[in-house]
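A quick write-up on the structure given underneath.
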Amino acid sequence: MSTPPSISQPLSSYDVALLRECLLETAINSACYGIQVALSIAAISALVRKEGRAWILATAVIALYIASTTDAATSIMWNLVQMPVLGVNALDIDINAILHDLNALSVASTHVNYLVSDALVAWRAWILWPYSRIIHGVLLLCMTGTLAGAIAESVWAMRDPFSSAGPAKLSLSIDLPVWVTNIVATTFVGVQVWFHRRHIISSLGPFSKESQVGRILIILLESGLGYCSILTTIIALDLTNNNGAAYRSIYTVAYKLASIYPIFVVFVVTAQEHLTAKSIIGGQSSFLASLQFVPGVSAPTQSEPVSSTGHDSEDIELVTRSQPADVQ
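Once you know that position 16 of the sequence shown is 311 in our numbering, the rest is easy, because the numbers rise by one and skip nothing.
Take a look at the structure:
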């Protein structure tokens, strides 16, 4: 004998608001994850063509991709697990253990994103100051603070995953060290940009065209400032200690941008370096292609002596074809 089907009852206003929030969070996570996947594919494709230490950046991009994939899947599962306990005829099941495991995965993936992003920022400043032990020591100290903050927040979140204390209590331990690291690294990049521009102006004059190296430095500086502004927004949201739906949506976007931005910087800088190398090679090829000997004139053989006065050298001349931009 089959059991009669359960009769669906109208959802309460609380359940409707919770479902709306879950749908909004899923949409935001999916959109940000799609952007990161596209940037990751583009960055890895650009890094494959490089040699040397490009594998380090490729490994970092892959680590960010894996962490973001884990976080996106965890976020969807978090919402799906809670669906059966909503509504009038909700199932009487205990989902706290499952939510605890999902929270552990979410915290771990978020911290991996932060640590790898912070390492990319520190690496960016490190390679610009290859011989400064003081700057290297400061960057290592900042990275140590970020690692300590990640461990502290992980332990705190595992002990009380459903804490109602708000993000200001749990998140500042990791957000502040990351913010300090980015401020310090961006400052070092800015000093290097200033040194470079001063050298260019003193060598070529105030109206000289920006070099390719200068463009890459500007990209690094601007990206660092943008990343710092994102982290400043996150810390400001932490300090508000608000758990509203609008707050959580903004907080989710800020966190996702914090993992998207480093991949975007890696892609832009790698693409700029590739274009620079391509333009240099192309410029050399066009210059060599513009050189030709006058047809109909052959080089002297061994039986034909070359005049010591140089008159015979006028039979061979090097012709440079003018480019369209060079024609007045």
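Backbone N, C-alpha and C fix where the C-beta goes; we use that ideal spot for every residue, glycine too.
Classify residue i: buried if its beta carbon has 16 or more other beta carbons within 10 angstroms, exposed otherwise.
{"i": "residue 413", "result": "buried"}
{"i": "residue 324", "result": "buried"}
{"i": "residue 350", "result": "exposed"}
{"i": "residue 308", "result": "exposed"}
{"i": "residue 392", "result": "exposed"}
{"i": "residue 550", "result": "buried"}
{"i": "residue 600", "result": "Low local confidence applies: a pLDDT of 46 at residue 600 is under 50, so the model's placement there is unreliable, with the coordinate-based value given in what follows. So residue 600 counts as exposed."}
{"i": "residue 432", "result": "exposed"}
{"i": "residue 472", "result": "buried"}
{"i": "residue 422", "result": "exposed"}
{"i": "residue 554", "result": "buried"}
{"i": "residue 626", "result": "Outside the displayed range of the chain (296 to 623) lies residue 626, so it cannot be described from this structure."}
{"i": "residue 311", "result": "exposed"}
{"i": "residue 346", "result": "exposed"}
{"i": "residue 326", "result": "exposed"}
{"i": "residue 512", "result": "buried"}
{"i": "residue 452", "result": "buried"}
{"i": "residue 429", "result": "exposed"}
{"i": "residue 435", "result": "exposed"}
{"i": "residue 459", "result": "Low per-residue confidence applies at residue 459: pLDDT is 47, beneath 50, and the placement is therefore not dependable, though the value from the model is reported in the following sentence. Its Cβ having fewer than 16 others within 10 Å, residue 459 is exposed."}
Taking only three categories from DSSP, how would you classify residue i?
{"i": "residue 418", "result": "helix"}
{"i": "residue 388", "result": "coil"}
{"i": "residue 509", "result": "helix"}
{"i": "residue 316", "result": "helix"}
{"i": "residue 348", "result": "coil"}
{"i": "residue 630", "result": "No statement about residue 630 is possible, as the shown extent of the chain runs from 296 to 623 and does not include it."}
{"i": "residue 514", "result": "helix"}
Identify, in the order they occur along the chain, each residue of the same chain with its Cβ nearer than 7 Å to the Cβ of residue i, setting aside the five sequence neighbours on each side.
{"i": "residue 353", "result": "339 and 342"}
{"i": "residue 545", "result": "532"}
{"i": "residue 400", "result": "365 and 369"}
{"i": "residue 442", "result": "410"}
{"i": "residue 328", "result": "363 and 367"}
{"i": "residue 520", "result": "481"}
{"i": "residue 558", "result": "331, 334, 335, 338, 356 and 359"}
{"i": "residue 477", "result": "416, 519, 522, 523 and 526"}
{"i": "residue 597", "result": "In this prediction, residue 597 scores a pLDDT of 46, lower than 50, which makes its location untrustworthy; no coordinate-derived value is stated."}
Measuring only the C-alpha atoms, how far is residue i from residue j?
{"i": "residue 438", "j": "residue 481", "result": "14 Å"}
{"i": "residue 509", "j": "residue 568", "result": "12 Å"}
{"i": "residue 420", "j": "residue 388", "result": "51 Å"}
{"i": "residue 316", "j": "residue 425", "result": "48 Å"}
{"i": "residue 560", "j": "residue 372", "result": "30 Å"}
{"i": "residue 468", "j": "residue 488", "result": "31 Å"}
{"i": "residue 348", "j": "residue 376", "result": "43 Å"}
{"i": "residue 402", "j": "residue 492", "result": "42 Å"}
{"i": "residue 484", "j": "residue 566", "result": "19 Å"}
{"i": "residue 446", "j": "residue 475", "result": "17 Å"}
{"i": "residue 321", "j": "residue 528", "result": "21 Å"}
{"i": "residue 314", "j": "residue 516", "result": "41 Å"}
{"i": "residue 486", "j": "residue 344", "result": "30 Å"}
Leaving out five residues on either side along the sequence, give the residues of the same chain with a beta carbon under 6 Å from the beta carbon of residue i.
{"i": "residue 407", "result": "362"}
{"i": "residue 556", "result": "522"}
{"i": "residue 355", "result": "411 and 415"}
{"i": "residue 427", "result": "none"}
Whose C-beta lies closer than 8 Å to the C-beta of residue i among residues of the same chain, with five residues either side of it excluded?
{"i": "residue 563", "result": "514 and 518"}
{"i": "residue 525", "result": "549, 552, 553 and 556"}
{"i": "residue 358", "result": "407 and 411"}
{"i": "residue 449", "result": "402, 403 and 406"}
{"i": "residue 530", "result": "467, 470, 471 and 474"}
{"i": "residue 454", "result": "none"}
- request: Can you check the region 424-489 for any alpha helix (DSSP H) of at least 4 residues that lies completely inside it and give the ranges in chain order?
  value: Counting whole runs of 4 or more residues, the region 424-489 contains the alpha helix (DSSP H) stretches 428-454 and 462-465.
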